[in-house]
Amino acid sequence: MQDGHRRRFDVVAAAAALLVLFSLSLPVKAEERVVNFYNWSNYMAPDVLEHFTKETGIKVVYDTFDANETLETRLMAGKSGYDVVVPTAYFLQRQIKANIFQKLDKSKLANLANAWPVVTQRLATYDPGNLYAANYMWGTT
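Position in the sequence shown (first residue = 1) + 3 = our numbering.
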């Protein structure tokens, strides 16, 4: 049942990644303007990151993984250096319980109000109060 459950909600956490901003790394110096992002392979077009850097001046160091276990192993080892990560909902719940994320400072996430309410409610099943994650995408694989 867990495998089916994981597959149904496998695509949740990319948002979690966006939510988990600043969750895992030491504070980045303002002058560096770098965000370290760990996401599923093939989940983001390279031009999106290029446009982000062009518009904000913030460089994105983008690494990918192909399995929840790969992500979790790296995160659980500690000091991964990632600012944003994209776990699936099921693994997000386990990782929250392991205290590896910082709570989101929602005052710095103005566009969070534009998140799809239905998906935000579903995500709350794994992150009660939506304290650590925000939805980026939701689906099944």
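Even for Gly, the Cβ is constructed at its ideal location relative to N, Cα and C. Note that this is a predicted model, so its numbers are computed, not measured.
Beta-carbon contacts of residue i that lie in its chain and below 8 angstroms, excluding the five residues immediately before and after
i: Lys106; result: Leu134 and Tyr135
Length of the line joining the Cα atoms of residue i and residue j
i: Gly132; j: Glu58; result: 31 angstroms
i: Leu126; j: Pro49; result: 26 angstroms
i: Val15; j: Ser44; result: Below a pLDDT of 50, predicted positions are generally treated as unreliable, and Val15, at 44, falls in that range; the measurement from the model is reported next regardless. Straight-line Cα distance between these residues: approximately 14 angstroms.
i: Glu34; j: Val51; result: 22 angstroms
i: Ala70; j: His54; result: 27 angstroms
i: Pro120; j: Trp141; result: 12 angstroms
i: Leu112; j: Phe68; result: 26 angstroms
Range covered by the beta strand (DSSP E) that runs through residue i
i: Val38; result: Val37 to Trp43
i: Asp130; result: First-last for Asp130: undefined, no H or E at that position.
i: Ala68; result: Note on identity: in this sequence residue 68 is Phe, with Ala being the wrong assignment. Run containing Phe68: Lys62 to Phe68, per the beta strand (DSSP E) assignment.
Close-in-space but distant-in-sequence residues of the same chain around residue i (CB under 6 angstroms, 5 per side omitted)
i: Arg36; result: Gly60 and Ile61
i: Asp66; result: Tyr41
i: Tyr129; result: Ala92, Leu95 and Gln96
Sequence-distant residues of the same chain with beta carbon closer than 7 angstroms to residue i, five excluded per side
i: Met79; result: Ala101 and Ile103
i: Ala118; result: Ala137 and Asn138
Coarse secondary structure for residue i, derived from DSSP in three states
i: Val51; result: helix
i: Val89; result: coil
i: Phe25; result: Note that Phe25 has pLDDT 40, beneath the 50 cutoff, so the model's placement of it is unreliable and the number below is only indicative. Residue state, collapsed to three classes: coil.
Inter-residue CB distance, residue i and residue j (contact presumed, cutoff 8 angstroms)
i: Val122; j: Val87; result: Rounded, the Cβ-Cβ distance is 18 angstroms, inconsistent with contact.
i: Val63; j: Thr56; result: 6 angstroms
Residue i: first and last residue of the uninterrupted alpha helix (DSSP H) it sits in
i: Leu112; result: Premise fails: Leu112 is in no alpha helix (DSSP H) and is neither H nor E.
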